[in-house]
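See below for the structure under consideration.
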Amino acid sequence: MRKRIYKEVNDELERRRFNAMLLADKRKEEIYSKVPQVAVIDNEIRKLGIRLGLGAINGSGRQDVIKQKLNEAISRKKALISGSGYPEDYLENVHTCMYCKDTGYIKSEAGSSRCSCFRSLLIKSLLKDSNVTPAGGTFDDYNLDLYPDEPDEKTKVSPREIQARNLERCKEFVRNFHTKQTDNLIFVGKAGLGKTFMCNCIAIALIEKGIPVVYMSAPDLFDNIASKYSQDEEEREKALELDELLTNAELLIIDDLGTERQTGSRYAELLDILNSRELMSRKRICKTIISTNLSLKNIFSAYGERVASRIIGGFELLEFVGDDIRIKLRNLSY
1 MRKRIYKEVN DELERRRFNA MLLADKRKEE IYSKVPQVAV IDNEIRKLGI
51 RLGLGAINGS GRQDVIKQKL NEAISRKKAL ISGSGYPEDY LENVHTCMYC
101 KDTGYIKSEA GSSRCSCFRS LLIKSLLKDS NVTPAGGTFD DYNLDLYPDE
151 PDEKTKVSPR EIQARNLERC KEFVRNFHTK QTDNLIFVGK AGLGKTFMCN
201 CIAIALIEKG IPVVYMSAPD LFDNIASKYS QDEEEREKAL ELDELLTNAE
251 LLIIDDLGTE RQTGSRYAEL LDILNSRELM SRKRICKTII STNLSLKNIF
301 SAYGERVASR IIGGFELLEF VGDDIRIKLR NLSY
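Residue 193 in my numbering sits at position 193 of the sequence shown; the count goes up by one each step and never skips.
Structure follows, in structure tokens:
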């Protein structure tokens, strides 16, 4: 997945460079037609550039004189272009990114570093592949005030305190994602307590770090499992391709486990995915987050002991408690 996404980014940069070359040729033809003297100066600039290069090789002492003539020619060219009603950089300003000239890298004395445009393209590709939308929320949007601050009579801890700990644990998951100290996570709690929102926060934070994420609702996941046995060859191939992503993604998020149609025959394949990811995690980073409205007891009754044991035994449990946030937000909007 990572290789394919980086290839997409590099292909886009190559496309931009090609378009920039076409635009440069088109503008040059336009300027040469309307301001013929620019073509004469360009020829002069080329010759001076060659002399400058040869002088550097031969150790000529006239380098400063040639540089001065070159700068004067460039200034005359810009003056001619701007005097004809064009921006003085009309022939140069053809790239999508003027910082790196659509190469994706900025060179300096210290070496080369990735341009911000590369990162933007990478995030765009990762978001497209992940099913995550920035509108779904980020850690910066997280509002602990939506959780009650009154301590529970039995535990003496308030939902807000619990959720503050959950929030910090999820931020820690992102910070330490590439270490073995970070476990798989399962979010358990009633509907409307922010589990999906938290999944999205984690996904966005990791994507911004350039880490591939696959985000799927449980119904979509099981629909894909069913599609692997479709009579339609194209549908079957797409399902198998996605199945490979589910197995190999650095982070797989399965949201709303338990809301899918109950099809026990498919749960063995869920177990296969989880087992495959567990084996993969011994070689490289391969982590999973699951959110569910089911209690631990109901997970066992719904999925059977083998699947439930894999989930419970291989995941750190974060319990979400409190009142339905969606109702609270609706009331606040009135």
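We treat Cβ as the ideally placed atom computed from N, Cα and C, and that holds for glycine.
Note that the structure is predicted; figures quoted are calculated from it, not measured.
When the Cα of residue i is compared with those of the options, which residue comes out closest?
i: Y267; options: S281, L252 and F300; result: F300
i: I211; options: S158, E109, K77 and N176; result: N176
i: L221; options: L185, I202 and L270; result: L270
i: L167; options: Y142, T182 and R46; result: Y142
i: C170; options: P151, D140, V157 and D152; result: D140
i: K77; options: R277, V35 and Q68; result: V35
i: M98; options: R17, Q68 and I31; result: R17
i: E260; options: S84, D232 and L294; result: L294
i: R284; options: I57, N248 and K67; result: N248
i: V307; options: N224, L318 and N275; result: N275
i: I81; options: S112, T182, R236 and V38; result: V38
i: T5; options: E29, T96, D64 and L126; result: Note on residue identity: the sequence assigns Ile, not Thr, to residue 5. Of the candidates E29, T96, D64 and L126, the one whose C-alpha sits nearest the C-alpha of I5 is L126.
i: G258; options: L329, L279 and S217; result: S217
i: F173; options: F315, K190 and L329; result: F315
i: F225; options: L242, K209, E234 and E233; result: Inspection of the sequence shows that residue 225 is occupied by Ile rather than by Phe. Comparing Cα-Cα distances from I225 to each of L242, K209, E234 and E233, the minimum goes to L242.
i: M21; options: K47, S75, K328 and T96; result: T96
i: K47; options: E235, K69 and S113; result: K69
i: N19; options: S230, Q262, K209 and D102; result: D102
Express the C-alpha separation of residue j and residue i in angstroms, rounding to a whole number.
i: D149; j: R160; result: 5 Å
i: L43; j: E109; result: Going by the sequence as given, residue 43 is Asn instead of Leu. Answer to the nearest angstrom: the Cα atoms are 30 Å apart.
i: R165; j: V321; result: 12 Å
i: R62; j: G55; result: 8 Å
i: E319; j: F187; result: 6 Å
i: K124; j: E8; result: 10 Å
i: G53; j: I66; result: 10 Å
i: G111; j: E72; result: 30 Å
i: I253; j: S281; result: 15 Å
i: K297; j: G189; result: 12 Å
i: S33; j: D25; result: 12 Å
i: T138; j: N184; result: 20 Å
i: S309; j: K107; result: 52 Å
i: T182; j: L317; result: 13 Å
i: T179; j: D255; result: 23 Å
i: N58; j: D64; result: 14 Å
i: R326; j: F197; result: 11 Å
i: E29; j: I45; result: 17 Å
Is it buried or exposed, residue i, if we count other Cβ atoms within 10 angstroms and call 16 or more buried?
i: I204; result: buried
i: I207; result: buried
i: I289; result: buried
i: E250; result: buried
i: I41; result: buried
i: Q163; result: buried
i: S291; result: buried
i: K128; result: exposed
i: L121; result: buried
i: R330; result: exposed
i: G83; result: exposed
i: G313; result: exposed
i: L146; result: buried
i: C100; result: buried
i: L13; result: buried
i: N200; result: buried
i: K154; result: exposed
i: L246; result: buried
i: R277; result: buried
i: D232; result: exposed
i: Y334; result: At Y334, the pLDDT of 49 sits below 50, so the modelled position is not reliable and the matter cannot be decided from this model.
Spatial neighbours of residue i within its chain, please: CB distance less than 8 Å, with the 5 preceding and 5 following residues excluded, ordered by chain position.
i: R27; result: Y90, L91 and V94
i: K3; result: none
i: S130; result: A203, I207, P212, V213, V214 and Y215
i: I311; result: I186, L274, I290, I299 and Y303
i: Y86; result: I31
i: L144; result: R160, Q163, A164 and L167
i: L23; result: V94
Counting only the same chain and skipping the five closest in sequence on each side, list residues whose C-beta sits under 6 Å from that of residue i.
i: D324; result: G192
i: N10; result: none
i: A239; result: N224, S227 and K228
i: G104; result: L13, C115 and F118
i: S113; result: I106
Under 8 Å between C-beta atoms, does residue i make it to chain C?
i: E319; result: Here chain C cannot be found, since the structure has a single protein chain.
Excluding the 5 residues preceding and the 5 following residue i in the sequence, name in chain order all residues of the same chain whose CB lies nearer than 7 Å to its CB.
i: P151; result: V157 and S158
i: I50; result: none
i: K195; result: F187, G189, S291 and F320
i: V132; result: N200, A203, I204, I207, V213 and Y215
* Asked: Which ranges would you report for the alpha helix (DSSP H) in the segment 105 to 150 if only whole runs of at least 4 residues count?
  -> 116 to 130
* Asked: What are the uninterrupted segments assigned as alpha helix (DSSP H) that are 4 or more residues long and contained completely in the segment 261 to 324, given in chain order?
  -> 264 to 280 and 296 to 314
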